[in-house]
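S.K.: Provided herewith is a single structure, encoded as structure tokens, for subsequent inquiry.
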Amino acid sequence: MCGIVGWADFDRNLAADHATIRAMTATMALRGPDDEGIWLDEHVALGHRRLAVIDIRGGVQPMKAERDGTVAAVLTYSGEVYNFRELRTELRGYGHTFRTDSDTEVVLRAYLQWGDAFVERLRGIFAFGLWDCARERLVLVRDRVGVKPLYYRPTAHGVVFASEAKGILAHPGITAEVDSDGLREVLTHFRSPGRTLYRDVSEVRPGHLVIVDRAGVRQHRYWSLQTREHTDDLETTVRTVRELLEDTVTEQMVADVPLCTLLSGGLDSSTITAFAAGADAAGAGVRTYAVDFLGQTENFRPDAVRDLPDTPFVHDVVAHIGADRVDHRDIVLDAAMMMDPLHRTSVLLANDLPTPMGDMFQSLYLLFRAVSEHSTVALSGEVADEVFGGYWWFHDENAVAADTFPWLSPRNPAAGGGNPIVDLLDPDLAALLDLPGYQADRYREALGEVEHLPGADPRERRMRELCYLAQTWWVPFLLDRKDRMSMAHGLEVRVPFADHRLLEYVYNVPWSMKSFDGREKGLLRAAVADLLPDSVLQRRKSPYPSTQDTRYEQMLRARAGGILTDPTSPGARMLNVKVLSDLFEVPLESSGFGPGRRSAELVVSLDDWLRRYPVQLRLN
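With the numbering used here, letter number 255 in the sequence shown gets 291, and the count goes up by one each step, no holes.
Now the structure itself:
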């Protein structure tokens with residue numbers, strides 16, 4: 037993975053504007069610690085920060101491709117195309133020659149061979165900007181699911197783009213302005229495709245390309261979840277899921293640098309680890325990492341979403357696969373590390389946004405820092421819950437029937453449902469933003485995207501809607517969180533469950549078959565039943581852990597309370613100080629999923645964000 041930036045302007049000569057493109061590129065330094073490159077021409081400037089994963093010496097960027105002795109296209113690229121070797125063989129058949137062993141050059145040559153349709157042949161996780169020299173146009177492309185980020189901001193005569201919004205805001209002609217819709221996006225628990233916090237800054241939507249030329253800026257969708265009839269029986273479906281998963285994990289283990297898996301002892305990460313251990317051709321096994329908190333396993337307290345700690349299940353997986361096949365490390369964090377102001381600032385600068393899930397961001401950041409000391413690539417079990425139906429709200433009838441995004445169902449706020457943020461805002465601001473109305477509008481927008489099979493029964497229709505909402509309006513939040521926290525340490529996280537072939541297949545499996553045994557993720561359990569210990573196969577869904585350390589709660593509550601009484605606090609002006617002061621008078625929940633803990637996290641991160649980022653609020 038890497039960090040990319042670029043600028044196209046058809047009204048001025050950019051060939052000598054090194055200062056601007058270097059300033060933009062510098063904001064991507066953490067994403068690409070291994071190398072830096074820029075390329076400028078009359079109407080375009082491209083920048084790149086490289087994290088070397090494949091072809092360490094040959095994959096330098098921005099990369100040029102020649103045709104008939106002249107430069108035909110230039111690419112700044114982040115990601116991995118897993119089928120690049122197959123494509124290279126095919127392209128050689130058309131007469132293309134290659135100077136490197138990198139997937140970057142394959143992407144360039146694929147564009148020269150197939151034009152815009154080339155992206156449909158790429159299988160992987162990627163985001164890139166490609167300049168077509170002859171046609172004087174820029175093509176911005178993002179992978180089908182949106183694993184890798186890409187943002188752009190149209191200008192009067194072109195566009196500015198980057199892997200992260202901070203790269204765009206480093207351009208001297210662009211101001212960081214936040215309008216009402218941007219603030220609504222921050223304060224709601226979903227991610228509206230294409231929208232961002234900043235005014236006029238958009239994300240390239242997953243499965244889309246954006247074309248920029250003298251005629252303007254236009255989008256083209258090359259992939260989406262398509263509704264099709266599923267004709268396989270249960271036995272065939274289970275076998276197909278198994279084959280797709282095994283093939284995907286094997287494919288994603290290709291790297292010229294150390295690789296590991298993230299292991300929580302849950303069904304999803306254990307599945308990835310088992311396949312990875314079996315796919316290691318060298319026989320050296322796979323390294324695994326798990327996060328834990330000091331004293332939490334010994335003093336664990338069950339709550340609404342977690343009944344047992346992860347550690348015993350992690351050790352069960354390691355023992356089941358075999359210590360000779362798994363080299364496991366536990367990364368143990370404590371409250372002082374989690375509340376360290378330096379770490380919290382680093383997390384904010386990596387994420388660029390305030391969040392009510394601060395402790396989870398902190399622990400992810402610290403976990404990935406430890407992982408990056410030994411590995412450059414990690415495989416994660418993320419997205420399995422959205423694909424196979426693992427969340428509580430897939431199985432709670434009130435949440436299923438709720439006329440809103442199911443994870444916002446008020447069924448159980450302690451389990452992550454509901455949106456208590458509305459009550460925490462200054463009343464005038466809450467009235468202006470009308471978060472319930474915004475949420476309802478986005479929900480109707482999302483439902484309008486779902487295609488149904490003719491004659492489908494109401495239950496199957498509704499469950500298809502929930503699967504679609506989860507994969508297109510919830511997954512982006514999770515993927516962005518993981519990308520930001522990992523790339524802050526130059527760590528590439530791959531997500532096998534987000535392979536588009538698996539998504540396309542399982543999306544069309546009827547819900548009655550997905551849950552044929554009456555359990556969450558029954559289809560996935562059946563597909564990997566022989567790979568995992570029984571304790572893991574029988575374990576119910578358990579989310580990413582949060583610290584239960586009372587010291588963390590005390591430090592967090594003290595910090596949040598101090599902000600409310602600080603007359604210089606920019607965050608307090610946006611909040612309902614009376615409501616929050618009363619809330620912080622008593623100890624908060626032990627779980628990071630509790631509304632009190634989330635409220636305190638939001639107060640702290642919102643204040644830090646407004647102090648650190650020179651944003652202009654344009655609320656209307």
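Idealized CB from N, CA, C, for every residue including glycine.
Threshold first: 4 residues or longer. Then list the alpha helix (DSSP H) segments lying entirely within the stretch 390–414, N to C.
M.R.: Here the runs fully enclosed are 394–408.
S.K.: Please return the same chain residues whose Cβ sits closer than 8 Å to the Cβ of T273, not counting the five positions on each side in sequence.
M.R.: Here residue 273 corresponds to residue number 237 of the sequence shown, with the count starting at 1. Hits under 8 Å: H266, V545, M549 and L559.
S.K.: Who are the Cβ neighbours of A51 in its own chain at under 7 Å, not counting the five residues just before and after it?
M.R.: For the purposes of this step, residue 51 is taken as residue 15 along the sequence shown, with counting starting at 1. Only L76, D77 and E78 meet the Cβ criterion.
S.K.: Is it the case that the stretch 395–409 contacts the stretch 362–369, given that we only count it when at least three CB pairs across the two stretches are under 8 Å?
M.R.: Enough Cβ pairs lie closer than 8 Å, so yes.
S.K.: Take the Cβ of A108 as the centre, count every other Cβ of all protein chains shown within 10 Å, and call the residue buried at 16 or more, exposed below.
M.R.: Within the sequence shown, the letter at position 72 stands for residue 108. A108 is buried by the Cβ-count criterion.
S.K.: What is the residue span of the alpha helix (DSSP H) that E126 lies within?
M.R.: Here residue 126 refers to the residue found at position 90 when the sequence shown is read from its first residue. Segment F120 to G129, the alpha helix (DSSP H) holding E126.
S.K.: Is the beta carbon of Y649 sitting closer than 9 Å to the one on M521?
M.R.: Indexing the sequence shown from 1 puts residue 649 at position 613. Indexing the sequence shown from 1 puts residue 521 at position 485. No, these two residues do not count as a Cβ contact at 9 Å.
S.K.: Could you tell me which of G165, L261 and S571 sits nearest to W509, measuring between CA atoms?
M.R.: By 1-based counting over the sequence shown, the position of residue 509 is 473. Taking only the C-alpha atoms, the option nearest W509 is L261.
S.K.: In angstroms, rounded to a whole number, what distance separates the CA positions of R67 and T61?
M.R.: The residue you call residue 67 lines up with position 31 of the sequence shown. The residue you call residue 61 lines up with position 25 of the sequence shown. So the two alpha carbons sit approximately 10 Å from each other.
S.K.: Helix, strand or coil for I210? Go by DSSP, reduced to three states.
M.R.: As a working mapping, residue 210 is identified with position 174 in the sequence shown. In the structure shown, I210 sits in coil (DSSP, three-state: anything other than H, G, I, E or B).
S.K.: With DSSP collapsed to three states, give me the class of L527.
M.R.: Residue numbering aside, residue 527 sits at position 491 when the sequence shown is read from its first letter. Looking at L527 - three-state DSSP - the assignment turns out to be coil, as it is neither helix nor strand.
S.K.: For the beta strand (DSSP E) containing D680, list its first residue and its last residue.
M.R.: It is not possible to answer for residue 680, since the shown part of the chain is limited to 37 through 656.
S.K.: Return the CA-CA distance between D215 and L468, expressed in angstroms with no decimal places.
M.R.: As a working note, residue 215 is residue 179 in the sequence shown. As a working note, residue 468 is residue 432 in the sequence shown. Going by the C-alpha atoms only, they are around 11 Å apart.
S.K.: Measuring alpha carbon to alpha carbon, tell me which residue in G321, D70, S551 and R227 is nearest E481.
M.R.: Residue 481 sits at position 445 when you count from the first residue of the sequence shown. Selected option, being the one with the closest Cα: R227.
S.K.: Where does the unbroken beta strand (DSSP E) through S114 begin, and where does it stop?
M.R.: Numbered from 1 along the sequence shown, position 78 holds the residue referred to as residue 114. Segment T106 to V117, the beta strand (DSSP E) holding S114.
S.K.: Where does P377 land, buried or exposed, given buried means 16+ other C-beta within 10 angstroms?
M.R.: Sequence index remark: in the sequence shown, residue 377 carries index 341 (1-based). Exposed, by the Cβ-count rule.
S.K.: Counting only the same chain and skipping the five closest in sequence on each side, list residues whose C-beta sits under 7 Å from that of R121.
M.R.: Numbered from its first residue, the sequence shown carries residue 121 at position 85. Counting only Cβ-Cβ distances below 7 Å, and skipping sequence neighbours, we find nothing.
S.K.: Determine, using beta carbons only, whether V110 and W43 come nearer to each other than 9 Å.
M.R.: For the purposes of this step, residue 110 is identified with residue 74 of the sequence shown, where counting begins at 1. For the purposes of this step, residue 43 is identified with residue 7 of the sequence shown, where counting begins at 1. Not a contact, by the Cβ cut-off of 9 Å.
S.K.: Cutting at 7 Å between CB atoms, please list the residues of its own chain near T284, excluding the five before and the five after it.
M.R.: By 1-based counting over the sequence shown, the position of residue 284 is 248. Only P532, D535 and L538 meet the Cβ criterion.
S.K.: Could you pull out every residue in the same chain whose Cβ sits closer than 6 Å to the Cβ of H132, ignoring the five residues on either side in sequence?
M.R.: By 1-based counting over the sequence shown, the position of residue 132 is 96. Here the set comprises R145.
S.K.: Quick one: is G452 buried, meaning 16 or more other Cβ sit within 10 Å of its Cβ, or exposed?
M.R.: The residue labelled residue 452 in the question sits at position 416 within the sequence shown. Low per-residue confidence applies at G452: pLDDT is 48, beneath 50, and the placement is therefore not dependable, though the value from the model is reported in the following sentence. Buried: at least 16 other Cβ atoms inside 10 Å.
S.K.: On the CB-based measure, 16 or more other CB atoms within 10 Å of its CB, does K614 come out buried or exposed?
M.R.: Translated into the one-based positions of the sequence shown, residue 614 becomes position 578. The residue is exposed, with fewer than 16 neighbouring Cβ atoms inside 10 Å.
S.K.: How far does the beta strand (DSSP E) with G252 in it reach, from first residue to last?
M.R.: Here residue 252 is taken as the residue at index 216 of the sequence shown, counted from 1. Unbroken beta strand (DSSP E) run through G252: G252 to R257.
S.K.: In the DSSP output, what is W75 paired with across the bridge?
M.R.: In the sequence shown, the residue the question calls residue 75 occupies position 39. Looking at the DSSP assignment, W75 forms a beta bridge with L82.
S.K.: Checking 9 Å against the spacing of the C-beta atoms, do G115 and A65 come in under that value?
M.R.: Counting from one through the sequence shown, the residue named residue 115 turns up at place 79. Counting from one through the sequence shown, the residue named residue 65 turns up at place 29. Contact: no.
S.K.: What does DSSP give as the partner residues of D659 in its beta bridges?
M.R.: Because the chain here runs from 37 to 656, residue 659 falls outside it and cannot be looked at.
S.K.: Which of the three DSSP states, helix, strand or coil, is assigned to A65?
M.R.: What you label residue 65 is simply residue 29 of the sequence shown in a count that begins at 1. Coil.
S.K.: Threshold first: 4 residues or longer. Then list the alpha helix (DSSP H) segments lying entirely within the stretch 561–616, N to C.
M.R.: Correct list: 570–573 and 586–600.
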